[in-house]
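Chains as they are written, first to last, in our numbering: chain A, -2 to 123; chain B, -2 to 123; chain C, -2 to 123; chain D, -2 to 123; chain E, -2 to 123; chain F, -2 to 123. Virtual Cβ for every residue (Gly too), placed ideally from N, Cα, C. Scroll down for the structure; my scribbles are underneath it.
Protein chains: 6
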Amino acid sequence: MDQQTYETGLKIRSEVLGKEYVENSMKSADDFNKPFQEFVTEYCWGAGWGRPGLSRKERSMLNLAMISILNRPHELKLHIRGALTNGLTKDQIREIFMQVAIYAGVPAGVDAFRQAREVFADQAKK
Amino acid sequence: MDQQTYETGLKIRSEVLGKEYVENSMKSADDFNKPFQEFVTEYCWGAGWGRPGLSRKERSMLNLAMISILNRPHELKLHIRGALTNGLTKDQIREIFMQVAIYAGVPAGVDAFRQAREVFADQAKK
Amino acid sequence: MDQQTYETGLKIRSEVLGKEYVENSMKSADDFNKPFQEFVTEYCWGAGWGRPGLSRKERSMLNLAMISILNRPHELKLHIRGALTNGLTKDQIREIFMQVAIYAGVPAGVDAFRQAREVFADQAKK
Amino acid sequence: MDQQTYETGLKIRSEVLGKEYVENSMKSADDFNKPFQEFVTEYCWGAGWGRPGLSRKERSMLNLAMISILNRPHELKLHIRGALTNGLTKDQIREIFMQVAIYAGVPAGVDAFRQAREVFADQAKK
Amino acid sequence: MDQQTYETGLKIRSEVLGKEYVENSMKSADDFNKPFQEFVTEYCWGAGWGRPGLSRKERSMLNLAMISILNRPHELKLHIRGALTNGLTKDQIREIFMQVAIYAGVPAGVDAFRQAREVFADQAKK
Amino acid sequence: MDQQTYETGLKIRSEVLGKEYVENSMKSADDFNKPFQEFVTEYCWGAGWGRPGLSRKERSMLNLAMISILNRPHELKLHIRGALTNGLTKDQIREIFMQVAIYAGVPAGVDAFRQAREVFADQAKK
């Protein structure tokens, strides 16, 4: 493990997904999934998100489109929250999901809109 | 239908997924899905799993990777249980899902780890 | 927007998915998803389903196979209901899902059968 | 193997995909892929296509939609030829692929149209 | 068809993918695929790309990520060219494809990089 | 970058995919794809394949199944060669691809068998 890349990853992951969420993920990790948590933190968040060349806002845009197509609702909701944190507006999120519907098909768009509305409703309650 | 292949399939399916589960599936089958239950038992479990050339442990390894990518959580959980029955350790399951994350992307890995932890938690309760 | 295509779309969508469902979708739409609801109604239902050349029954057959493979359970259930409305029998639905299992794999078939049985059970209660 | 199901499969496969093509597939099979050729013939063509409940034309319709989405151009071309043999018109094939574009996205539709035009151009040469 | 949306779509499509390419697509269209060409132009390029809310550069970013995952090399190459036209740099394209590799897996990234290098090599020849 | 993980990755990658192939990949890398080549070497081959817990033979088995489903023929051929290097027999490869056909559908199996036969034919020529 490259300690510096890991630290960078942990910092970015916490800033994008929320400190509380990341601390819980790390604390609840056991022998089974700890190596995976560390791997994701170092490679995805440190070596990936830590790279220059795209802003966090742009990386969030890509993720909303990609994770919609990859059909992973749990991760999509996390990254819709992260996208708002990174400065995307609801209008931009709508445009991304409409483009998803055109390129990946209407059902992918329908699911993305449903999940976004659940996230917005959750946040309105708080 | 080839009766012998069907019988072989029923036996292997029961040994891997559990006698109770398979008996319930068969008993609860109605006119609508009975032909499918028989088809799966004969072809997938008899003509597929019944072949020589790979051990059950190896077939379970393949299934964990494939079903993670195919994104079918209900089936994945069944086959995580089956993999434990077939002798895979939790450490091996972790390695499979880390390889899934690398080749099919981090969100596929995240979902696979979450589902495995749910299965392990369920089993710990019993 | 082409008003006539939109009206055609709204009519077909209501006839296939149910008037109540479509009215609810339209009424509950907010600034965020209203453009998407209109887009889907005009393009998918008006410019798509509104075309000659295939019967509604045939379009339902295609949708059951496609949405099973696209792995969108919420949409699949809607379209199983729509398929019954469009005159497909349960026996035809079974045959479609068995063909899905052969061409897209057993887990896709298993999920499609499970979702169909949930729809049928729901309808039997009413 | 169920000999009768296998024979049925061989007959249907030859009628749909062409006698010459199937004979070549079988003749060129070696130790490596012969078990697979036999499995596909029995399982997919005998136990699947051999079932009552859907016409061959309907099964071809499903296959064009499914194989477009599964993104398998070589198989798609075979089944476009088979669809013409089973009585689908070019207009019906266009409608199927337009529905694919709506439900699975524009790039899936673009590829399906390109492959169909290649098949039609090939046949026009003969 | 909404004539104005169609005209907008034709203009944007020509500006992004190149006038020559679009004119050839339209001219070579026959009875079989003309309705699809018109549909794509109106729906994808007029009603989709014609919307405000995202810049063309941002829409290109999304498309590179989405079409890589959708695994459509022919379309991906077109949109890599379009992305350069819309002002994306090679460095930004690299960052997008590295993010694809992390979220959709290494093989999706390897293919995207290979196709981009083919496009760049083609352009260097001219 | 963690230099030691990178070195481990370079070594394993060369042993599995062939020294010549990996040296060519590295030598032909330019400003555009060099960061990706290094990322894949460190992350996929060092931090992934370099882990204990599964043998190389087992990792090859998983890769053949996964890359078939991910539908990446260029990578699949590389990994069929790698699988032979890692000690898988042709009979084991056949069994893996038959299981792919059952779980991911017949067209995925057909393509995997075709690509394997191309690799075997290439190797027979040398």
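CB-CB length for residue i against residue j, believed under 8 Å
i                      : j                      : result
residue 67 of chain F  : residue 102 of chain E : 6 Å
residue 110 of chain D : residue 33 of chain E  : 6 Å
residue 5 of chain A   : residue 43 of chain A  : 5 Å
residue -2 of chain D  : residue -1 of chain B  : 6 Å
residue 80 of chain A  : residue 59 of chain E  : About 13 Å; that fails the 8 Å criterion.
residue 113 of chain B : residue 106 of chain B : So it is not a contact: roughly 11 Å between Cβ atoms.
residue 10 of chain C  : residue 92 of chain D  : Not confirmed; about 18 Å, so no contact.
residue 35 of chain B  : residue 2 of chain B   : No, residue 35 of chain B and residue 2 of chain B are not in contact; Cβ-Cβ is about 11 Å, not under 8 Å.
C-beta neighbour in chain F for residue i, strict 9 Å
i                     : result
residue 99 of chain C : yes
residue 31 of chain E : no
residue 66 of chain B : yes
residue 72 of chain D : yes
Exposure of residue i, with buried meaning 16 or more beta-carbon neighbours within 10 Å
i                      : result
residue 118 of chain A : exposed
residue 76 of chain E  : buried
residue 20 of chain F  : exposed
residue 126 of chain E : A question about residue 126 of chain E goes unanswered here, because the residues of chain E that appear run from -2 up to 123.
residue 17 of chain A  : exposed
residue 86 of chain B  : exposed
residue 25 of chain E  : exposed
residue 65 of chain C  : buried
residue 52 of chain E  : exposed
residue 84 of chain E  : exposed
residue 115 of chain D : exposed
residue 96 of chain B  : buried
residue 104 of chain F : buried
First through last residue of the alpha helix (DSSP H) which encompasses residue i
i                      : result
residue 100 of chain B : 87 to 101
residue 63 of chain A  : 53 to 67
residue 72 of chain C  : 70 to 82
residue 25 of chain B  : Premise fails: residue 25 of chain B is in no alpha helix (DSSP H) and is neither H nor E.
residue 2 of chain D   : 0 to 14
residue 32 of chain D  : 31 to 36
Within-9 Å CB hit, residue i to chain C
i                      : result
residue 39 of chain D  : no
residue 91 of chain B  : no
residue 53 of chain B  : no
residue 94 of chain B  : no
residue 119 of chain E : no
Contact with chain B by residue i, beta-carbon distance below 9 Å
i                      : result
residue 80 of chain C  : no
residue 56 of chain A  : no
residue 86 of chain D  : no
residue 109 of chain E : no
residue 106 of chain C : yes
residue 23 of chain D  : no
Neighbour flag for residue i against chain E, beta carbons, 9 Å
i                      : result
residue 44 of chain C  : yes
residue 62 of chain D  : no
residue 113 of chain D : yes
residue 15 of chain D  : no
Minimum Cβ-Cβ distance from residue i to chain A less than 9 Å
i                      : result
residue 77 of chain E  : no
residue 20 of chain C  : no
residue 171 of chain D : Nothing about residue 171 of chain D can be read from this structure; chain D reaches only from -2 to 123.
Within-9 Å CB hit, residue i to chain D
i                     : result
residue 69 of chain E : yes
residue 28 of chain E : yes
residue 59 of chain C : yes
residue 48 of chain B : yes
residue 6 of chain A  : no
Heavy atom of the ligand FMN within 8 Å of residue i beta-carbon
i                      : result
residue 114 of chain F : Of ligands this structure carries none, so the ligand FMN is not represented either.
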